[in-house]
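Okay, structure first, notes after.
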Amino acid sequence: MEASILFFRACLALLALPIYLLSFLGIWQPFCKKVFFPFFLEHFSAIHEKKAKKQKQELFRNLPDFRSPSGELKLLEIGTGCGANFQFYPPGCKVTCTDINPNFQQGLLRSMNKNQHVHYERFLVAAGEDLHQVPSGSVDVVVGTLVLCSVHDVNGTLKEALRVLRPGGAFYFLEHVVADRSSWKYFWQQICYPTWKLVFDGCCLTREIWKNLEQANFSELNLHHLSIALPWTPIQPHIVGLDPRPSPHALSQPVPFSLTERADTNPSHLTSAQPKVLY
Ligand SMILES: C[S@@+](CC[C@H](N)C(=O)[O-])C[C@H]1O[C@@H](n2cnc3c(N)ncnc32)[C@H](O)[C@@H]1O
Ligand SMILES: *[C@@H]1O[C@H](CO)[C@@H](O)[C@H](O)[C@H]1NC(C)=O
Ligand SMILES: *[C@@H]1O[C@H](CO)[C@@H](O)[C@H](O)[C@H]1NC(C)=O
């Protein structure tokens, strides 16, 4: 098993040799961050959106439950990328976008124009591990989708999410994760791992992110394993769910969230003038 993984890894690396060479020369990483990954992500997001739309609708359905007593919903997104989640946010939701890479303007602008029901409050170039610009306990909801695969420090990122959330707020996630060890998918992930990480801006295929979430000291982890139909890719196994921070009033019950279908959707008619200031 080990030897065959190494063999196929080497084959894949050979196929991607030009990229390894560019990387060796220090050219690939900046090109990837500025040009390739933003281009790739915009197209990939469109595909992933189609495949994961139902799950995301179901996941984000109860966002309004986390409005603060004043009726506002302040939401912070970690690793916003091209803004693949804006369409699921309720009208009037005040969004702070953060990403470590400021080169997603094109995709972001397109997504913002399509989703004018949301208030785009701030764009911070910040790592999930260090959100020092955001005061503790200042947001109602933190969202991260397909981002814990790429951060350097999953625990540190969850710790920051917990810090910026107000008591009773919640962390929402949808992540691809490592496959079952006895499956071919796992074998395929092991083969792709190094080249995938190089090509796709640090994305790790083999993280057991549910373990970090289980140990992250939120309160009532509500987590589901599921498979998103992305045939031939090593990123089919996903986890989805939310984790509320304990509420001081102890009113917050475990939040009901299941992946059963419900008919109604949430059409948003509200529009508003939006700031177009990006990172
Ligand atoms: C696969 S993309 C997902 C983007 C978007 N959340 C989505 O669901 O389409 C991963 C994103 O995480 C960002 N990212 C990577 N490392 C990060 C870090 N340490 N802190 C914040 N964002 C990070 C990348 O720049 C990229 O925008
Ligand atoms: C993350 O935190 C968990 C529990 O606190 C710990 O078991 C694990 O080793 C940590 N992971 C890393 C990479 O530090
Ligand atoms: C969770 O809380 C416990 C007890 O308060 C603490 O020992 C532990 O380090 C915390 N874990 C993380 C990942 O912050």
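With full-length UniProt numbering applied, the sequence shown covers 1 to 279. Glycine included, each C-beta is placed from N, C-alpha and C at the ideal position. Everything numeric in this text was worked out from a predicted model, so none of it was measured.
A check of alpha carbon separations from M1 across S183, Y20, P90, L221 identifies S183 as the nearest. Distance from the C-beta of E214 to the nearest heavy atom of ligand 1 is not below 7 Å.
Less than 8 Å separates the beta-carbon of T96 from that of L124. For I209, the uninterrupted alpha helix (DSSP H) run begins and ends at 209-214, by DSSP. In the displayed model, H119 falls within a strand according to three-state DSSP. Annotation: the continuous alpha helix (DSSP H) that includes V164 extends over 154-164. In the three-state reduction of the DSSP assignment, H43 falls in the helix class. The region 80-115 is shown to contain whole alpha helix (DSSP H) runs of 4 or more residues at 105-114, in chain order. A contact is defined here as three or more CB-CB pairs under 8 Å, and the region 102-116 meets this definition with respect to the region 36-44.
Between D243 and F187, the CB-CB gap reaches or exceeds 8 Å. Burial is judged here by how many other beta carbons sit within 10 angstroms of a residue's own beta carbon; I27 has fewer than 16 and is exposed. The secondary-structure analysis by DSSP pairs P237 across a beta bridge with S227. Taken through DSSP and simplified to helix, strand or coil, P194 comes out as helix. Of the candidates C203, L15, A46, V154, the residue whose Cα lies closest to the Cα of S111 is A46.
Contact between the region 159-167 and the region 130-148 is present, with at least three C-beta pairs closer than 8 Å.
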